[in-house]
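Below is one structure, written out as structure tokens; the observations come after it.
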Amino acid sequence: HDKAVTVTTCGRICYNRKKINLSLVFAGQTVGIKQVEDHIWLASFMDYDLGYFDDETCRLEPLQNPFGPKVLPMSPI
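Position one of the sequence shown corresponds to residue 0 (this note's numbering), numbered consecutively onward.
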């Protein structure tokens with residue numbers, strides 16, 4: 000990630016005077032944010048990608064199941 004930010008007690012990421020709602024579950028925790036495109040950022044917690052947010056609309060779009068098992072494709076024998 001590019002930057003580490005602490006989630007507020009109300010569950011928001013505050014970045015560049017913008018407030019992005021994440022979740023109260025992460026209050027007080029440090030999450031990583033990484034710019035992946037113009038105005039688009041990826042929010043991560045530990046090794047898990049949580050979702051993307053747009054720094055213009057300040058809306059987080061969560062990934063389907065960031066804590067689910069990571070299934071690798073089967074290799075041909």
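C-beta atoms are modelled at their ideal positions from N, C-alpha and C, and glycine is treated no differently.
*Could you give the residue range of the beta strand (DSSP E) that holds A42?*
Numbered from its first residue, the sequence shown carries residue 42 at position 43. Element bounds for A42: 39–44.
*A3, enclosing beta strand (DSSP E) - first and last residue*: Locating residue 3 in the sequence shown gives position 4, where the first residue counts as 1. Residues 2–5.
*Would R58 be called buried (16 or more neighbouring beta carbons within 10 Å of its own) or exposed?*
What you label residue 58 is simply residue 59 of the sequence shown in a count that begins at 1. When all chains shown are included, R58 counts as exposed.
*Among V35, L49, D37, E36, which one has its Cα closest to the Cα of I12?*
For the purposes of this step, residue 12 is taken as residue 13 along the sequence shown, with counting starting at 1. The shortest CA-to-CA distance from I12 to any of V35, L49, D37, E36 is the one to L49.
*Nearest to N15 by alpha carbon, out of D53, Q63, N64?*
Your numbering for residue 15 matches position 16 in the sequence shown. Closest by C-alpha distance to N15, out of D53, Q63, N64, is D53.
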